[in-house]
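Number of protein chains: 2
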Amino acid sequence: MKASDSHFRFRLDLSYIGTEYDGWQSQVSGRAVQDVLEKALATALRQPVRIAGASRTDAGVHAMHQVATFDFPTSIDLFRLQGSLKGLLPPTIGVRRLEQVDPKFHAIEDAIGKAYRYRFWLDTRRNPFQEPFAWSVSSPCDRSLMEKAAQDLLGEHDFTSFCAADSTAKTKIRLIHDIKWEHDGPICDLWIVGQGFLKQMVRVIAGTLLQIGAGRRPADSIPDILAAKDRIEAGITAPARGLTLMRIFYGRMESWDEIRRSLTW
Amino acid sequence: MKASDSHFRFRLDLSYIGTEYDGWQSQVSGRAVQDVLEKALATALRQPVRIAGASRTDAGVHAMHQVATFDFPTSIDLFRLQGSLKGLLPPTIGVRRLEQVDPKFHAIEDAIGKAYRYRFWLDTRRNPFQEPFAWSVSSPCDRSLMEKAAQDLLGEHDFTSFCAADSTAKTKIRLIHDIKWEHDGPICDLWIVGQGFLKQMVRVIAGTLLQIGAGRRPADSIPDILAAKDRIEAGITAPARGLTLMRIFYGRMESWDEIRRSLTW
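Protein sequence lines, in the order shown, are assigned to chains B and L.
The numbering of the first sequence is the working numbering, which starts it at 30 and goes up by one.
The numbering of the second sequence is the working numbering, which starts it at 30 and goes up by one.
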């Protein structure tokens with residue numbers, strides 16, 4: 030299991046509350062999830078550690094399941110390290126799993142799919158329990174229009190219109206495998222499973238669908254927006270707090286049942 | 030609808046995250062939920078307002094449903110006030126409902142029952158999404174022992190042993206109508222419905238049941254603890270963060286189905 034350049038590789042499966050952090054990727058502020066994790070690992074392992082995450086979640090975006098790896102020159106007592114991390118990390122970051130993996134395992138390149146959930150809270154009244162995890166929308170919204178419009182996003186498309194203008198991705202073509210809606214009173218959850226996502230893609234999709242539900246855009250406007258390949262044709266970027274990275278897939282895609290089960294750890 | 034002493038009475042149905050506050054009841058710190066609400070109401074209505082809550086939740090205890098009333102000398106534009114409160118209150122307090130009621134309505138005296146939920150997170154790994162709302166217990170716990178023991182709490186008993194030692198309640202006799210358990214992976218929810226509860230009663234019950242589940246007390250020890258009428262015979266007081274006041278009943282008790290529906294607003 031030892032790699033050619035003499036290191037061991039370890040995989041962390043994580044969960045965090047995005048509201049508290051400047052996104053996943055290391056920032057000068059030191060307030061990115063990566064910064065806080067690297068600091069805790071360096072303290073526990075008594076030497077600097079560099080981690081690589083599967084998904085660069087934006088500031089404010091939550092993760093029920095994020096995957097990261099780090100290399101280390103020696104083997105590690107994983108049970109002990111997991112205990113140390115629980116003490117060193119703030120209550121808003123949890124380590125779901127910690128294991129040694131093949132040094133060839135790559136958190137980004139080996140990920141074959143991801144599931145995101147965007148939560149809308151469709152009620153004029155505030156629910157403090159949902160506030161940090163949903164976009165509270167007071168204006169009337171026709172959920173069936175949103176559901177209908179979302180169907181046009183399925184499959185392989187050039188998602189330039191639904192991508193942050195400053196994205197540096199080489200290609201904007203992405204494949205959306207599945208879309209699912211769940212409703213529970215004012216809670217309206219949009220689940221999207223895809224091979225990979227562009228910068229702010231799910232948030233621009235959520236913002237555009239909400240505008241469709243609110244009657245500001247026709248329900249059949251998605252194909253035209255996609256065809257335009259221009260960010261200004263799509264809707265607003267929905268707030269980060271409503272978005273949660275729910276699951277990253279390795280080896281094979283997972284069914285909705287498997288995703289559901291993974292949520293209960 | 031105007032009372033004899035010339036005032037109108039208004040009812041607030043509230044929801045709040047207890048972690049952020051020094052409990053319900055007004056404190057010198059000004060950080061009690063009551064303080065924050067009275068300040069917001071005074072700002073919105075341009076004169077001092079005194080509110081009376083149905084339940085004095087402890088510091089750190091959450092409320093999905095709390096009821097309070099206040100009197101005011103004139104009628105109020107309720108739609109407008111609810112909008113103002115949304116702006117004036119912090120995101121951790123929500124007004125679920127605001128209405129004018131009979132001036133004889135009394136939030137405490139008219140309450141005929143309450144439903145509390147105590148949530149255990151039974152896993153050594155931390156879940157940041159559950160952390161603020163559950164008691165994380167790392168030691169092994171037999172849920173069936175907890176469920177079995179809890180049955181002995183049903184009905185009318187003298188709950189002196191399960192009551193904070195500094196309670197000033199005249200009688201410690203209380204009636205527990207129903208107890209229900211819900212399990213979802215590491216989440217273990219204890220639901221208790223009763224006529225009324227003594228200070229810290231649900232938390233002492235939760236702490237004692239957890240000790241039974243962990244094998245530190247026999248599963249049949251509840252009757253002896255009740256009979257002792259002595260706080261030191263019961264277990265530890267479970268952390269406030271795991272407790273949520275879920276529902277207050279007026280007029281008649283509600284079924285589990287009705288309670289469940291009320292949770293989605």
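Virtual Cβ for every residue (Gly too), placed ideally from N, Cα, C.
Computed from a predicted model, the values in this text were never measured in an experiment.
C-beta atoms of residue i and residue j nearer than 7 Å
i	j	result
ALA97 (chain L)	LEU41 (chain L)	yes
THR273 (chain B)	ASP213 (chain L)	no
THR86 (chain L)	GLY52 (chain L)	yes
PHE39 (chain B)	PHE134 (chain B)	no
ALA198 (chain B)	LEU227 (chain B)	yes
LYS275 (chain L)	ALA144 (chain L)	One detail in the question is off: residue 275 (chain L) reads as Met in this sequence, not Lys. It is a contact, given that the beta carbons lie within the stated cut-off.
Residue i versus residue j - alpha carbon distance
i	j	result
ASP195 (chain B)	ARG260 (chain B)	10 Å
GLY223 (chain B)	ILE277 (chain B)	10 Å
ARG232 (chain B)	TRP220 (chain B)	12 Å
PRO247 (chain L)	ILE234 (chain L)	14 Å
LYS31 (chain B)	TRP164 (chain L)	With a pLDDT of only 49 at LYS31 (chain B), under 50, the local geometry of the prediction cannot be trusted, and the value read off the model is given with reservation. Looking at the two C-alpha atoms, the distance is approximately 40 Å.
LYS201 (chain B)	GLY116 (chain B)	41 Å
ILE208 (chain L)	ALA179 (chain L)	8 Å
SER35 (chain B)	PRO102 (chain B)	6 Å
CYS170 (chain B)	GLY123 (chain L)	21 Å
CYS192 (chain B)	PHE37 (chain L)	54 Å
GLY184 (chain B)	TYR279 (chain L)	52 Å
LEU43 (chain B)	THR121 (chain L)	26 Å
ALA12 (chain L)	MET93 (chain L)	The question about residue 12 (chain L) has no answer here: the residues shown for chain L are numbered 30 through 294.
SER166 (chain L)	ARG245 (chain L)	Note that residue 166 (chain L) corresponds to Val in the displayed sequence, not to Ser. Distance between the alpha carbons of VAL166 (chain L) and ARG245 (chain L): 14 Å.
GLY225 (chain L)	ILE141 (chain L)	8 Å
ALA61 (chain B)	SER55 (chain B)	5 Å
SER104 (chain L)	ARG125 (chain L)	20 Å
GLN129 (chain B)	ARG155 (chain L)	20 Å
ARG281 (chain L)	GLU287 (chain L)	12 Å
TYR45 (chain B)	PRO157 (chain L)	6 Å
ASP106 (chain B)	LEU127 (chain B)	10 Å
TRP210 (chain B)	ASP218 (chain B)	6 Å
ASP5 (chain L)	ASP249 (chain L)	The structure shown does not extend to residue 5 (chain L), since chain L is modelled only from 30 to 294, so the question has no answer here.
TRP285 (chain B)	HIS91 (chain B)	20 Å
GLU49 (chain L)	ALA83 (chain L)	20 Å
LEU110 (chain L)	SER291 (chain L)	23 Å
GLU138 (chain B)	PHE108 (chain B)	27 Å
LEU204 (chain B)	GLN229 (chain L)	53 Å
PRO132 (chain B)	GLN159 (chain L)	33 Å
ILE251 (chain L)	GLU283 (chain L)	27 Å
GLN95 (chain L)	HIS206 (chain L)	20 Å
GLN63 (chain L)	SER168 (chain B)	30 Å
GLU67 (chain L)	GLU67 (chain B)	44 Å
Cross-strand partners of residue i (DSSP beta bridge)
i	result
PHE149 (chain B)	B:TRP164, B:CYS217
LEU272 (chain L)	L:TYR147
GLY123 (chain L)	L:SER44
ARG202 (chain L)	Here residue 202 (chain L) turns out to be Ile, not Arg, going by the sequence shown. According to DSSP, which records beta bridges pairwise, ILE202 (chain L) is partnered with L:ASP187.
LYS209 (chain B)	B:TRP220
ARG38 (chain B)	B:ASP100, B:VAL130
GLY142 (chain B)	B:PHE278
GLY82 (chain L)	L:ALA97
ALA92 (chain L)	L:TYR45, L:LEU274
Contact belief for residue i with residue j at Cβ below 8 Å, rounded distance in angstroms
i	j	result
THR69 (chain L)	LEU114 (chain L)	The residue asked about is misnamed: residue 69 (chain L) is Ala in this sequence, not Thr. The pair is a contact, with the Cβ atoms about 6 Å apart (cut-off 8 Å).
PHE162 (chain B)	ARG289 (chain B)	Actually they do not touch by this definition, with Cβ atoms about 17 Å apart.
GLY47 (chain L)	GLY89 (chain L)	5 Å
PHE254 (chain B)	ALA263 (chain B)	Reading off the sequence, residue 254 (chain B) comes out as Ile, not Phe. With a Cβ gap of about 5 Å, ILE254 (chain B) and ALA263 (chain B) count as contacting.
THR189 (chain B)	LYS258 (chain B)	4 Å
GLY236 (chain B)	ILE265 (chain B)	4 Å
VAL57 (chain B)	PRO119 (chain B)	Contact doesn't hold; Cβ gap of about 19 Å is too wide.
Checklist entry - Does the region 64 to 82 of chain B come within contact of the region 138 to 150 of chain B, defined as at least 3 CB pairs closer than 8 Å? => result no
Checklist entry - Would you call the region 166 to 186 of chain B and the region 235 to 245 of chain B touching, i.e. three or more CB-CB distances under 8 Å? => result yes
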